[in-house]
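From first to last, the protein sequence lines are chains A and B. End of the first sequence sits at 238 in our numbering; the numbers just go up one at a time, nothing left out. End of the second sequence sits at 238 in our numbering; the numbers just go up one at a time, nothing left out. The structure appears right after this line, and notes come after that.
2 protein chains.
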Amino acid sequence: MKRVKNSGALLRVPPAVVKRLAKYLTIVLEFHADGVDWVSSSGLAKGLGLTSSTVRQDLTYIDFYGVSKKGYEISGLCRVLQSILGADAKWKVVVAGAGNIGSALALHQEFARKGFVIMGLYDSSKRKIGKKMGRLVIQDIADMPDFISKEGVDVGIIAVPSAAAQHVADMMVFAGIKGILNLAVTHLALPQDISVVDFRVMSSLLELTHLIKTRS
Amino acid sequence: MKRVKNSGALLRVPPAVVKRLAKYLTIVLEFHADGVDWVSSSGLAKGLGLTSSTVRQDLTYIDFYGVSKKGYEISGLCRVLQSILGADAKWKVVVAGAGNIGSALALHQEFARKGFVIMGLYDSSKRKIGKKMGRLVIQDIADMPDFISKEGVDVGIIAVPSAAAQHVADMMVFAGIKGILNLAVTHLALPQDISVVDFRVMSSLLELTHLIKTRS
DNA sequence: TAGATTGTTAATCGATTAACAATC
DNA sequence: TAGATTGTTAATCGATTAACAATC
């Protein structure tokens, strides 16, 4: 068992692995909270519905080593996973679209606990602007770009209707946003250096109904 | 160009393809609403950030044929995609967990428009039970299983805290649910014949922050 | 006809799994 | 020590892309 993985490079983590690293982090945080100190690759696998081989292969991409016969030390694993995912930093976030889902995310307690600070909630509807949502007041979306630039907001969550999504994304990018979580069904055409992750409940539901129709 | 694809079997659609079929459906419905009649594989690819080769390969799995030089006839493509995804049927849905996100999904207009009928919204908090959310009244989660069985509910959306998720899922399965959309961070251990799709905003956000940290 | 676009095959690329020496 | 579990390699499996004859 050599002390250097992948010739020490730790460069690009494959997309499929990144998706799972977030799962490892959540389960390992739970173990940590429960006072568990060590976990094996098969323990992680069982908790997440994976194979132990996949787990060990995945952990190959992070700068952390297990111990023969004991497994992985949980607090260290937490720290390294948080670091690689950026979960050890504070992220400034704005939400565009104060409909049911946008408002729910803006109020979502989990975000604050995990270092995502919701700085603003925006909408274009005169009827909504000025309304209080928890500790936030819904702002005019026309004021969003200045706020993003001035505060150095990192992440924009797009929860506006499909037809407005590209325009809102363009506003965010122009104002200097670094990444976008896109809840709208529209595909966003954006510059290469802007990170985008799509998050669509309707797509997931249709994936589910297809599975149901074809069983298993 | 033969008239039969994949020796006419049209059996299993690979998971990666299923995920994209939902995207094809949304964009094709938009085109349809805009009065467009035909779309080429490169037109679809451009709108979704894919290659035309991927699009043609994907459409190989559905029982629908394009026409040389014209592309794909949109209304027919809609119909076949809806059929394979189950979007042409009505689905009975319950939501467990009346927090911000559960309530937002229960009120989400898009669901009703797409054939997903929210039949009930459940919570275990005495403080919430009885409260009105739009046209729904929050019910005691203890009454959920009977309702699922009696009404033949197809899909359960789990939006309860992590610690309760497995228990709620077990209740749903016992009552005869067919599929679960899991918003909780916990991995659900369930029988093989129950379909599960995970849908986690925190995972997507961490995927995004990792991307931001590593640029591109 | 000429040109655009399909469906399909084959090649490439990436992800997962199996196997096992190293090791604590 | 004996046994459990790691990290790594190689084999398998699945997904994407490239190329092109068929065709309208």
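Backbone N, C-alpha and C fix where the C-beta goes; we use that ideal spot for every residue, glycine too.
Just the C-alpha distance for residue i and residue j, rounded to the nearest angstrom, thanks.
i	j	result
Met194 of chain B	Tyr144 of chain B	12 Å
Pro37 of chain B	Arg149 of chain A	42 Å
Gly71 of chain A	Lys91 of chain B	46 Å
Ala164 of chain A	Ile179 of chain A	16 Å
Leu33 of chain A	Asp85 of chain A	11 Å
Glu132 of chain A	Gly65 of chain A	25 Å
Glu173 of chain B	Gly198 of chain B	10 Å
Val61 of chain B	Leu43 of chain B	15 Å
Gln104 of chain B	Tyr46 of chain B	10 Å
Ser74 of chain A	Leu210 of chain A	37 Å
Val35 of chain A	Thr82 of chain A	10 Å
Tyr87 of chain A	Val77 of chain A	12 Å
Ile216 of chain B	Arg237 of chain A	8 Å
I want to check one thing, is the minimum distance from the CB of residue i to the heavy atoms of the ligand ATP below 6 Å?
i	result
Val77 of chain B	The ligand ATP is absent from the structure shown, which contains no ligands of any kind.
At least one CB of chain A closer than 7 Å to the CB of residue i: is that the case?
i	result
Ala31 of chain B	Bear in mind that a pLDDT of 45 at Ala31 of chain B, under 50, signals an unreliable position, so the number given afterwards is only what the model happens to contain. False, the Cβ-Cβ gap to chain A never drops below 7 Å.
Gly178 of chain B	no
Thr231 of chain B	yes
Ile170 of chain B	no
Val126 of chain B	At residue 126 of chain B the sequence reads Ala, which differs from the Val that was named. Cβ-Cβ to chain A under 7 Å: yes for Ala126 of chain B.
Lys235 of chain B	yes
With C-beta atoms as the reference, is residue i less than 7 Å away from residue j?
i	j	result
Leu127 of chain B	Val139 of chain B	no
Leu203 of chain B	Val219 of chain B	yes
Thr48 of chain B	Val39 of chain A	no
Val175 of chain B	Cys100 of chain B	no
Gly119 of chain B	Val177 of chain B	no
Phe169 of chain B	Gly142 of chain B	yes
Leu212 of chain B	Asn122 of chain A	no
Leu248 of chain A	Leu107 of chain B	What the structure shows of chain A is the stretch from 23 to 238, and residue 248 of chain A is not part of that stretch, so it cannot be assessed.
Asp59 of chain A	Ile96 of chain A	yes
Met166 of chain B	Ser125 of chain B	no
Ser226 of chain A	Phe53 of chain B	no
Shorter than 7 Å from the beta carbon of residue i to some beta carbon of chain B?
i	result
Gly71 of chain A	yes
Ser225 of chain A	yes
Gly174 of chain A	no
Ser217 of chain A	yes
Looking at chain B, which residues of the segment 186-213 of chain A have a Cβ within less than 7 Å of any of its Cβ atoms? Lys200, Gly201, Leu203, Val207 and His209
Residues in the segment 80-108 of chain A having any Cβ partner in chain B nearer than 8 Å: Ile106, Leu107 and Gly108
What ranges does the alpha helix (DSSP H) occupy inside the segment 161-214 of chain A, keeping only unbroken runs of at least 4 residues that lie completely in it? 166-173 and 184-197
Listed in chain order, which residues of the segment 38-67 of chain B have Cβ atoms closer than 8 Å to some Cβ of chain A? Val40, Lys41, Leu43, Ala44, Lys45, Leu47, Thr48, Ile49 and Glu52
Counting only runs that start and end within the segment 41-98 of chain B, where is the alpha helix (DSSP H) found for 4 or more residues in a row? 63-70 and 74-81
Using Cβ-Cβ distances below 7 Å, what residues of the segment 131-163 of chain B are close to chain A? Glu132, Lys136 and Phe138
At 3 residues or longer, and completely inside the segment 127-152 of chain B: list those beta strand (DSSP E) runs for me, N to C. 138-145
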